[in-house]
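J.:
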Amino acid sequence: MRKRSPMSAIVVALTAMVVVTGAFAGLKTLADALFGSVPAQVLSAKDRREIAEALPMVFRNGHVEFDNEVCAGRDIRPEVRLEDLNGDGRAEVLVLGGDTCSSGTTGQTLWMVVKHGARWMLEIDVVTAIVDVAPTRTDGWADLHMQGRSHCIGVWTYQGGKYGYARSIDRSGSPCTP
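Residues in the sequence shown are numbered from 3 upward in steps of one, following our numbering.
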């Protein structure tokens, strides 16, 4: 059995969503809006800034918005989840948010930011209504189950140093064609 570090316990405790909604009175940056309730020992100020810079969103007029001219001014109501997907004691960052402008009729996008070496990088940017961390693992990383408007669940696995779509399954785990 693998021994968990104290940091793992903190990350596990923060697996619950940090919902970013409502007024952001007094906040000035996207990093503050997304991670204001996350303890500094989990994400340093530098990490928060780098993660915010990797995401295609901005903090403007008290709202988190998609960073493009077409969808400007629309609050994407992000939900932040911190998940240790590879068991290293350091959280990966999943941000779910959007609307029909930024994410089509599904209305939501998943952005996942991962620290590779010393740098945070956007790993996943995909439209999905639901994302769950699966109990299965590939190359030491948790698989992700994503579902949009189809009855099929997309399985995303970590292979070759990055996440990618692997296959579709139904609720019983059998192959599924969307």
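C-beta: ideal position from N, C-alpha, C; glycine also.
Given a cut-off of 9 Å on the beta-carbon distance, is the pair V97 and R76 in contact?
T.: No.
J.: Can you give the Cα-Cα distance for D127 and V115, rounded to whole angstroms?
T.: D127 and V115: Cα-Cα distance of roughly 9 Å.
J.: Which of helix, strand or coil does DSSP assign to L87?
T.: L87: coil per DSSP, three-state reduction.
J.: Does DSSP put A179 in a helix, in a strand, or in coil?
T.: The displayed chain sequence assigns Thr, not Ala, to residue 179. T179: coil per DSSP, three-state reduction.
J.: Report the rounded CA-to-CA distance for T111 versus K117, giving the unit in angstroms.
T.: One C-alpha to the other measures close to 20 Å.
J.: Does the beta-carbon of P80 have 16 or more other beta-carbons within 10 angstroms, so that it is buried, or is it exposed?
T.: Classification of P80: buried, given that the 10 Å Cβ count is 16 or more.
J.: Cα separation between A47 and L124?
T.: Whole-angstrom Cα-Cα distance: 18 Å.
J.: Is the beta carbon of I53 closer than 9 Å to that of V95?
T.: Their beta carbons are under 9 Å apart, which means V95 touches I53 by this criterion.
J.: Could you tell me which of C178, V40, I78 and R50 sits nearest to R62, measuring between CA atoms?
T.: Checking every option, the nearest Cα to that of R62 belongs to I78.
J.: Looking only at its chain, what residues have a beta carbon closer than 6 Å to the beta carbon of C103, apart from the 5 residues adjacent to it on each side?
T.: Hits under 6 Å: C73 and R76.
J.: Measuring straight from C-alpha to C-alpha, what distance separates L146 and D134?
T.: In a straight line, the C-alpha of L146 is about 6 Å away from that of D134.
J.: Assign Y167 to one of two classes, buried (16 or more other C-beta atoms within 10 Å of its C-beta) or exposed (fewer than that).
T.: Counting Cβ neighbours within 10 Å, Y167 comes out exposed, since fewer than 16 surround it.
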